[in-house]
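So the structure is just underneath, and the comments pick up after that.
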Amino acid sequence: MLSSTQADQDRTSCIILAGGKGQRMGGSDKGLQQYRHRRLIEHVIDKISPQVDDIIISANRNLAEYNSLGFSVVQDSSDNYDGPLAGIQSAAPH
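Numbering (the working numbering), first residue to last: 0 to 93.
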């Protein structure tokens, strides 16, 4: 039987970085854009879910929409949109 510490170490988590400004898309949140009648983030979740135990979404806006997906959502500790590393840093402790 695995201890809880060993079991935690055997879990695989995924951080989906969804915290950009969307400057190249006119300020639109890319993860929430429709593609084939579904939001892009839903396509990502469908592809990654079978491979991981936990999904964490790192987002800076539209938090209610991301929360509605049923996964943990974390926000960068800064509101400056400091880039993908800030998203990883904010989500890593979870």
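Here a beta-carbon is modelled for each residue, glycine too, at the ideal position from N, C-alpha and C. For clarity, every value in this text was computed on a predicted model and none was experimentally measured.
#### Entry: Beta-ladder partner(s) of alanine 17, from DSSP
Locating residue 17 in the sequence shown gives position 18, where the first residue counts as 1. Bridge partners of alanine 17: Ala58.
#### Entry: Cβ distance (whole Å) where phenylalanine 70 is taken to contact isoleucine 47 below 8 Å
The count along the sequence shown starts at 1 and reaches residue 70 at position 71. The count along the sequence shown starts at 1 and reaches residue 47 at position 48. Not a contact, Cβ separation roughly 11 Å.
### Task
With DSSP collapsed to three states, give me the class of glutamine 8.
As a position in the sequence shown, residue 8 is number 9, starting the count at 1. DSSP, reduced to helix, strand and coil, places glutamine 8 within a helical segment of the structure shown.
### Query
Per DSSP, which one or two residues make a beta bridge with tyrosine 34?
The residue given as residue 34 occupies position 35 in the sequence shown. Tyrosine 34 is bridged to Arg37.
#### Entry: Test item: CB-CB of valine 73 and serine 89 under 8 Å
Here residue 73 refers to the residue found at position 74 of the sequence shown. Here residue 89 refers to the residue found at position 90 of the sequence shown. Their beta carbons are under 8 Å apart, which means valine 73 touches serine 89 by this criterion.
### Query
Going by C-alpha distance, which of Asp9, Ile40 and Ile14 is nearest serine 86?
For the purposes of this step, residue 86 is identified with residue 87 of the sequence shown, where counting begins at 1. In the sequence on display, residue 86 carries glycine and not serine. Comparing Cα positions, the closest option is Ile14.
### Bridge partner(s) assigned by DSSP for serine 67
Looking up residue 67 in the sequence shown gives position 68. According to DSSP, serine 67 bridges with nothing at all.
### Query
Taking C-alpha atoms, which residue in Gln33, Arg60 and Arg23 lies nearest to serine 76?
As a working note, residue 76 is residue 77 in the sequence shown. Ranked by how close their Cα comes to the Cα of serine 76, the residues Gln33, Arg60 and Arg23 have Arg60 in first place.
### Query
So aspartate 52 and arginine 23 are in contact, right, with Cβ under 8 Å, and what is the actual spacing, rounded?
If you number the sequence shown from 1, residue 52 lands on position 53. If you number the sequence shown from 1, residue 23 lands on position 24. Going by Cβ atoms, the distance from aspartate 52 to arginine 23 rounds to 33 Å, so no, they are not a contact pair.
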